[in-house]
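Participant: Here you go, one structure.
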């Protein structure tokens, strides 16, 4: 996964770049299909703006931004918004029907078939003994 940090109208220290990269890579814990993260820091005279763009598989993109005085606090605010968007999207696409996985269905089906055969064999033996 690629993390790109761009700064407009100023520069960002290497330690802040490393910190932002480290924190933004944690988005993968929420959604594994993230392909790229682009962070844009726009430094103005009075306010700074941080924008986070996340590209995911199947052409789904997420956008979050925050404005304020401090770059680091703006980044945390935007990252929090991004986490919420990703969690909501993952919850939306998740299958909520609580069906068993195919391997468990196969195992349960085999066990039920064996128990049905055993019951029918018992019923036949009881009929023969009568």
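Numbering (this note's numbering), first residue to last: 93 to 222. Using N, Cα and C, we set each Cβ at its ideal position, and we do this for glycine too. What you are looking at is a predicted structure, and each value in this text was computed from that prediction instead of being measured.
Here's the rule I'm using: 16 or more other beta-carbon atoms within 10 Å means buried, otherwise exposed. How should residue 170 be labelled?
Facilitator: Residue 170 is buried by the Cβ-count criterion.
Participant: Starting from residue 123 and walking both ways along the alpha helix (DSSP H), at which residues does that stretch end?
Facilitator: No alpha helix (DSSP H) contains residue 123, which DSSP labels as neither H nor E.
Participant: DSSP beta-bridge partners for residue 157?
Facilitator: Answer by DSSP bridge pairing, in chain order: 143.
Participant: Opposite residue 133 in the DSSP bridges: which residues?
Facilitator: According to DSSP, which records beta bridges pairwise, residue 133 is partnered with 99 and 142.
Participant: For the alpha helix (DSSP H) containing residue 187, list its first residue and its last residue.
Facilitator: Per DSSP, residue 187 belongs to no alpha helix (DSSP H) and is neither H nor E.
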